[in-house]
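Under numbering that gives the first Met the number 0, think of the first position of the sequence shown as 0, with each following residue one higher. For glycine and all other residues, C-beta sits at the position ideal for the given N, C-alpha and C. For reference, the structure discussed in these notes is given below.
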Amino acid sequence: MNFEKIAKQLANPSGKFGEEVASGMNTMNQFISETTYELLQIKNSESILEIGLGNGKFTKDILNYGSNIYYTGVDISKTMIAEAKKLNHNLIKKGYVDLIHADIEQMPFWDETFDKVCTINTVYFLKAPLNAFKEVFRVLANKGIFIISYRPFIEGQTLNFTQYGFREYSSEDLESLILKSDFRIIEKIEKVEPEIKFNGQIYNLKSQYFLLQKTTAINVYKK
Numbered sequence: 000m001n002f003e004k005i006a007k008q009l010a011n012p013s014g015k016f017g018e019e020v021a022s023g024m025n026t027m028n029q030f031i032s033e034t035t036y037e038l039l040q041i042k043n044s045e046s047i048l049e050i051g052l053g054n055g056k057f058t059k060d061i062l063n064y065g066s067n068i069y070y071t072g073v074d075i076s077k078t079m080i081a082e083a084k085k086l087n088h089n090l091i092k093k094g095y096v097d098l099i100h101a102d103i104e105q106m107p108f109w110d111e112t113f114d115k116v117c118t119i120n121t122v123y124f125l126k127a128p129l130n131a132f133k134e135v136f137r138v139l140a141n142k143g144i145f146i147i148s149y150r151p152f153i154e155g156q157t158l159n160f161t162q163y164g165f166r167e168y169s170s171e172d173l174e175s176l177i178l179k180s181d182f183r184i185i186e187k188i189e190k191v192e193p194e195i196k197f198n199g200q201i202y203n204l205k206s207q208y209f210l211l212q213k214t215t216a217i218n219v220y221k222k
């Protein structure tokens, strides 16, 4: 397995090999995706935005959390949007799913469009994270929830992608960054994921989930 070749596809999968990498990453991301959707506490008739949906394998799962759920997925990869449209063709026809090629820093939505937003394993690739958070804040309804799910960098315990252009965050680094945004941190949750095998090695990775809220209230995390 060419680790470098795979790593370079993760930020913006393209072509046939990008499709293969995305399919393989579904196994890696199943736990963190399921946990994120549960933490969203989705209610009937809510409008959900997922940023960086990949090939859309888990899109149907969000719709199972209630009735009349409306899901929008955006991804910077044209390849991933094309694949996601194939996998979710029937849901798109029924009007419950909309999939759009877009950058998180400039999304084609009205202000306060969505009740809840999530992004899973994408923070590493954000070129200007505060600009990205500002854009999410704009499209999120007042008192809406935004969840950032990722795997924090822990020396000796995590996959090292830094050399391939990723920006890896420790828990403290990401929290410090979020505190510079307009979001209020509600809770930070850590999970130990089930054992996974990657590139011939066994990992027990940790994932973290920052639950944020759009509100004018004072951020209790701020000093």
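{"query": "Taking only three categories from DSSP, how would you classify asparagine 63?", "result": "coil"}
{"query": "Just grab the DSSP bridge partners of glutamine 212 for me.", "result": "Ile144 and Arg183"}
{"query": "Which term fits aspartate 74, buried or exposed, when burial requires 16 or more other beta carbons within 10 angstroms of its beta carbon?", "result": "buried"}
{"query": "Under 8 Å Cβ to Cβ from valine 219, same chain only, skipping five residues before and after it: list those, please.", "result": "Confidence at valine 219 is low in this model, with a pLDDT of 49, below 50, so the placement of that residue is unreliable and no value is reported for it."}
{"query": "In angstroms, rounded to a whole number, what distance separates the CA positions of lysine 93 and lysine 179?", "result": "40 Å"}
{"query": "Mapping the DSSP letters down to three states, classify phenylalanine 57 as helix, strand or coil.", "result": "coil"}
{"query": "For lysine 126, which residues of its own chain have a beta-carbon under 8 Å away from its beta-carbon, when the five flanking residues on both sides are left out?", "result": "Glu104"}
{"query": "If we count the other Cβ atoms within 10 Å of its Cβ and call it buried at 16 or more, is isoleucine 188 buried or exposed?", "result": "exposed"}
{"query": "Which residues bound the beta strand (DSSP E) around valine 116?", "result": "113-119"}
{"query": "Please report the straight-line C-alpha distance between leucine 39 and cysteine 117, rounded to a whole angstrom.", "result": "8 Å"}
{"query": "Taking buried to mean at least 16 other C-beta atoms within 10 Å of its own C-beta, is glutamine 207 buried or exposed?", "result": "buried"}
{"query": "In or out: asparagine 87 buried (at least 16 other Cβ within 10 Å) or exposed?", "result": "buried"}
{"query": "Please state whether DSSP places serine 44 in a helix, a strand or coil.", "result": "coil"}
{"query": "I'd like the list of long-range same chain contacts for leucine 129, defined as Cβ closer than 8 Å, with 5 residues on each side in sequence excluded.", "result": "Leu176, Lys179 and Ser180"}
{"query": "Determine which residues share a DSSP beta bridge with serine 206 and list them.", "result": "Lys190"}
{"query": "Lysine 196 by DSSP, collapsed to three states: which one?", "result": "strand"}
{"query": "Using a Cβ-Cβ cut-off of 8 Å (strictly less than) and excluding sequence neighbours within five positions of lysine 221, which residues of its own chain qualify?", "result": "Annotation note: pLDDT 49 at lysine 221 (below 50); position unreliable, coordinate value reported separately. Here the set comprises Leu178."}
{"query": "Excluding five sequence neighbours on each side, which residues of the same chain lie with their C-beta closer than 6 Å to the C-beta of leucine 84?", "result": "Per the sequence shown, residue 84 should be read as lysine rather than leucine. Closer than 6 Å at Cβ, skipping near neighbours: Leu98."}
{"query": "Does the stretch 165-173 touch the stretch 104-114, meaning 3 or more C-beta pairs lie closer than 8 Å?", "result": "no"}
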